[in-house]
Amino acid sequence: LPPGEHTLQLLLANYVHIPHEQPVMSEPVTITVTEP
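Quick note, the sequence shown lines up with residues 453 to 488 if you use the numbering used here.
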């Protein structure tokens, strides 16, 4: 990811990568990426 603030969220799916009928998602997580 490029430097800066990013929001990540997990979306669960079935074995063929199709999201469930009622989405199962995590809470959003905000991260900050810095230069190495």
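Every residue gets a Cβ at the ideal spot worked out from N, C-alpha and C, and that includes glycine.
To the nearest angstrom, how far is the alpha carbon of residue i from that of residue j?
i, j, result
"GLN474", "PRO455", "33 angstroms"
"VAL476", "THR484", "25 angstroms"
"PRO488", "SER478", "28 angstroms"
"LEU453", "TYR467", "27 angstroms"
"ILE470", "THR486", "33 angstroms"
"PRO480", "HIS458", "10 angstroms"
Is residue i helix, strand or coil when you go by DSSP?
i, result
"THR482", "strand"
"PRO471", "strand"
"GLU487", "coil"
"LEU462", "coil"
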